[in-house]
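Novice: Submitted below is the structure of interest, expressed as structure tokens.
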Amino acid sequence: MTSLKNIGTTVVSEDVLNAAKRDFASERVSDQQTVQSIRHIFTTPPSTPYILGPHSAVKVATSLRLIKASQTAGQENVHHISLSAAHPAKFNPPPHVPTISNTGTTHY
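Residue numbers for the sequence shown follow UniProt numbering, so the first one is 1 and each next one is one higher.
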């Protein structure tokens, strides 16, 4: 860890790298997919709307994609944990987050 602190890089063993590749996954999501994720969670179910922040929306979209891929591969009981660490207080000014009306219209 000293090398990470001092020079910004570190070396890990092949075993550690393989374990990380086995246990962790990463994905990317477009801005449009992020808005779609916010809309999906806001409208499902309609009786309990919930607005995700953009960072959480990215995590939810990727988790749903990975869950579907696991199921397609026949892995029905794979557990997924989605972490979203960004907090709005970290941003000045805060990012402009699209909101969705009760009719499903996106407002920027």
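For every residue, glycine included, the Cβ atom is placed at its ideal position computed from N, Cα and C.
1. Cutting at 7 Å between CB atoms, please list the residues of its own chain near Val78, excluding the five before and the five after it.
2. Can you tell me whether residue 109 is helix, strand or coil according to DSSP?
3. Helix, strand or coil: which one does DSSP assign to His80?
4. Do the segment 23-37 and the segment 7-14 meet, that is, are 3 or more Cβ pairs less than 8 Å apart?
5. Compare the C-alpha of Ser26 against each of Ile41, Thr48, Ile38, Val60 and name the closest.
6. Let me check understanding here. Comparing Cα to Cα, which of Ser82, Leu66, Glu76, Lys5 lies closest to Ala57?
Specialist: So, from the data block:
1. Ser70
2. Since the first residue shown for the chain is 1 and the last is 108, residue 109 is missing from the structure and cannot be characterised.
3. Correct three-state label for His80: coil.
4. No, because fewer than three Cβ pairs between the segment 23-37 and the segment 7-14 fall closer than 8 Å, the two stretches do not touch.
5. Val60
6. Taking only the C-alpha atoms, the option nearest Ala57 is Ser82.
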